[in-house]
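The opening residue of the sequence shown carries number 196 in the working numbering; numbering runs sequentially from there.
Don't be surprised by glycine CBs; every beta carbon is placed ideally from N, CA and C.
No experiment lies behind these values; they were computed from the predicted model shown.
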Amino acid sequence: MALPNVNPTATPSWKKLGEHFDKTKSIKMKDLFAKDSDRANKFSIKWDDFYVDFSKNRITEETFKYLLELADDVRLKDAIQSQFSGEKINQTEGRAVLHTALRAPESAVFEVDGKNVIPEVYDVKRKIEAFTNEVISGERKGFSGKPFTHVVNIGIGGSDLGPAMVVDSLQYYKNHLTTHFVSNVDGDHVNEVIKKINRETTLFVVVSKTFTTQETISNANTIKSWFLESAEEEDIAKHFVAVSTNLDAVKSFGIDENNVFPMWDWVGGRFSLWSAVGLSISLAVGYNNYDSLLTGAHKMDQHFKNEDFSNNIPVVLGLISIWYNNFFKAESEAIIPYSQYLNQFATYLQQGIMESNGKSVDRNGNPIDYETGTLIWGEPGTNSQHAFFQLIHQGTKLIPADFIGFVKSLHGNQDHQDKLISNFLAQTEALLNGKTKEQVIAEGTEEAIIPFKVFSGNKPTNTIFINKLTPESLGKLIAMYEHKIFVQGVIWNIFSYDQFGVELGKQLANKILKEFSGEAKNEHDGSTANLLSYYKQQS
Ligand code: F6P
196 MALPNVNPTA TPSWKKLGEH FDKTKSIKMK DLFAKDSDRA NKFSIKWDDF YVDFSKNRIT
256 EETFKYLLEL ADDVRLKDAI QSQFSGEKIN QTEGRAVLHT ALRAPESAVF EVDGKNVIPE
316 VYDVKRKIEA FTNEVISGER KGFSGKPFTH VVNIGIGGSD LGPAMVVDSL QYYKNHLTTH
376 FVSNVDGDHV NEVIKKINRE TTLFVVVSKT FTTQETISNA NTIKSWFLES AEEEDIAKHF
436 VAVSTNLDAV KSFGIDENNV FPMWDWVGGR FSLWSAVGLS ISLAVGYNNY DSLLTGAHKM
496 DQHFKNEDFS NNIPVVLGLI SIWYNNFFKA ESEAIIPYSQ YLNQFATYLQ QGIMESNGKS
556 VDRNGNPIDY ETGTLIWGEP GTNSQHAFFQ LIHQGTKLIP ADFIGFVKSL HGNQDHQDKL
616 ISNFLAQTEA LLNGKTKEQV IAEGTEEAII PFKVFSGNKP TNTIFINKLT PESLGKLIAM
676 YEHKIFVQGV IWNIFSYDQF GVELGKQLAN KILKEFSGEA KNEHDGSTAN LLSYYKQQS
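Below, the structure is given as structure tokens:
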């Protein structure tokens, strides 16, 4: 069975939302709060250690009702069922989409082509656990008999961003191993990492689902040559491991087959940190913490699969985002974590969200005439308050924002925590209420300056308040956004799990590369031709 195939704009709920939008587009959230003292309770969800407040949005009970009807009209429930039951919902690539199986308990059953994949998943998990313990304990040693002190993850896109973000986010839980990430084909990246490591005590984890990605293979080869400057071929087996579906390519690179951690074609790159792609996470924080990350994601999976849509966090956030994207025509969404640990979170989500939903053809292959994928950006608060918040507060663009905060700080410095959380709460309040001309005058502002100090307010935010940053709560948070991606892809009637849009540039880069070596001569537009000859002359 395929995913439902419904043009959202042809549904009764879309029509209702359109008419409702025309009537309510100017409503002020401030007035909605004044009229309904229970609004904050009505539009919030408490689940486990999450408190999601979506009351600071330009929605009424009627809006919410129509958005929920839209979820029904596009048969979201059926789509969720199709995904979890292993149907090949990545139709353009003929694959199932089962990152949810990677974090399920061993007793679960997830079938692909009639075969339960859970036993294989657990075989790999046990391999990750044993390997992690051997490296951390020092039982596994480098070629000169010394224990490992550094790990280098070599990968790009989904084979880099997830592990890099999680290792950084969970640095509080880290052990003695230092982890580095090499991704860019820019040789300066790999050389800067090489400066910081020692051949005898560094473990290299080459992560590539396909094992053909130019950046990863180039970086792995550069590191291998550097390693062999003072090690022997047979030492590669001690220092290099791979995570891939392409076992032949891994072997011909020279990696011992015992050092290969397999993955499967039903795991998409940007949803793969839950597979052996997360090996660097397990090494950095220990297997138990890695497993807790997966447990958290599984809890969110259960919530998403079973909870009523009106109380379902990924569904509600997905619907609200559709409301702004398709009716208010908001182009971007900001993600602002009030935790320095989540420094890389927005960057990580850029791939997840934009590679998945940046599509302009529907599930019938027809061009679509409505907006899809939102632009995602963000940086942690409070730093971002001193950078781009001016534009969110007083600029001309509507930018819905998710504010993510943690009640407890990890190091327990309450003075800093109170200051952090006061900013976290103040910003969404300021965005909601703004500041009127009367208030500015009452502050005694000089007449000529008054207009510049007025804040229109009415800027929408979601507040995602979590008890504490732990491996488990981070797992829940990441899975929450993964499911939001799916909800929006279903509503937009697009395929969220392919990424053909990244191919064209790769093909042309390969052609141009051949010109540098004189192997080929191609036709180019005038601009590219000039730039090419400038590079050739100057380099
Ligand atoms: O950017 C395209 C992409 O295919 C991503 O989807 C993927 O995460 C990345 O390249 C890396 O691919 P691989 O793991 O096969 O090296």
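When the beta-carbon positions are compared, S364 and F601 stay at least 8 Å from each other. When distances are taken from the beta-carbon of R321 to the heavy atoms of the ligand F6P, even the shortest one reaches 7 Å or more. Short of 6 Å from the beta carbon of F338, and not among the five residues preceding or following it, lie these beta carbons of its own chain, in chain order: A426, D430, K433. At a threshold of 7 Å, T287 does not count as near the ligand F6P, since its beta carbon sits no closer than that to any of the ligand's heavy atoms.
Not one heavy atom of the ligand F6P is found less than 7 Å from the C-beta of I392. In the DSSP annotation of this structure, F238 is not part of any alpha helix (DSSP H), being labelled neither H nor E. DSSP places F399 in the uninterrupted beta strand (DSSP E) bounded by 397-402. Taken from the Cβ of T417, every heavy atom of the ligand F6P lies 7 Å or farther away. P207 counts as exposed, since fewer than 16 other beta carbons sit within 10 angstroms of its beta carbon. Under the DSSP assignment, F540 falls in the alpha helix (DSSP H) whose first and last residues are 540-544. An exposed status is given to S722, since fewer than 16 other beta-carbon atoms sit within 10 Å of its beta-carbon. The segment 315-327 and the segment 368-375 do not touch, with fewer than 3 CB-CB distances between them shorter than 8 Å.
Straight-line measurement puts the Cα of G700 at about 15 Å from the Cα of N379.
An exposed status is given to K390, since fewer than 16 other beta-carbon atoms sit within 10 Å of its beta-carbon. Counting along the chain, the unbroken alpha helix (DSSP H) around W687 starts and ends at 666-687. Relative to the non-hydrogen atoms of the ligand F6P, the Cβ of T405 comes within a distance shorter than 7 Å of at least one.
In terms of Cα proximity to D273, the closest of L227, I349, N501 is N501.
For Q634 and L627, the gap between their C-alpha atoms comes out near 15 Å. When C-beta atoms of the segment 297-306 are compared with those of the segment 540-559, fewer than three pairs fall below 8 Å, so the two segments do not count as touching. For V380, the distance from the CB to the nearest heavy atom of the ligand F6P is not below 7 Å. The criterion of a C-beta distance shorter than 8 Å is not satisfied by N688 and N236. The beta-carbon separation of P199 and R270, rounded to 4 Å, stays under the 8 Å limit for a contact.
For T542, the shortest separation between its Cβ and any heavy atom of the ligand F6P does not lie below 7 Å. Relative to the ligand F6P, G700 has its C-beta separated by 7 Å or more from all heavy atoms.
DSSP places R394 in the helix class (H, G or I) of the three-state scheme. The straight-line gap separating the alpha-carbon atoms of W469 and Y317 is approximately 12 Å. Our two residues, F681 and Y367, have alpha carbons roughly 31 Å apart in a direct line.
Between the alpha carbons of P358 and S475 lies a gap of roughly 6 Å. In terms of Cβ geometry, Q409 and E550 do not form a close pair [threshold 8 Å]. Listed as beta-bridge partners of W572 by DSSP are A529. For T658, there is no enclosing alpha helix (DSSP H); the residue is found in the beta strand (DSSP E) stretching over 656-661.
In the three-state reduction of the DSSP assignment, V445 falls in the helix class, which pools H, G and I.
Closest option to M360, judged by alpha-carbon separation, among S728, V472, A415, E214: V472.
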